[in-house]
Amino acid sequence: HGGETFDAPSEWMKWHSSGERSKREQDEAPYLKPQSDKKPEKIGNIRI
């Protein structure tokens, strides 16, 4: 215990604010590789 005092109601309001919520969603979102303009090549029915 570090002896820090937190204001629970303000921490709760901060956690549930729309800005914090969107920041959490962005932090927890899966990383997507940027799309390239190169189209996949096909050999028969197999895309490579």
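In terms of this note's numbering, the sequence shown opens at residue 145 and continues consecutively.
Glycine residues also receive a C-beta, built at the ideal position from the N, C-alpha and C atoms.
Bear in mind the structure is a predicted one, so any value in this text is a computation, not a measurement.
Helix, strand or coil for residue i? Go by DSSP, reduced to three states.
| i | result |
| --- | --- |
| lysine 182 | coil |
Excluding the 5 residues flanking residue i on each side, which residues of the same chain have their C-beta closer than 7 Å to its C-beta?
| i | result |
| --- | --- |
| glutamate 164 | Lys158 |
Apart from the five residues just before and just after residue i, which ones in its own chain have a Cβ nearer than 8 Å to its Cβ?
| i | result |
| --- | --- |
| lysine 186 | Ile192 |
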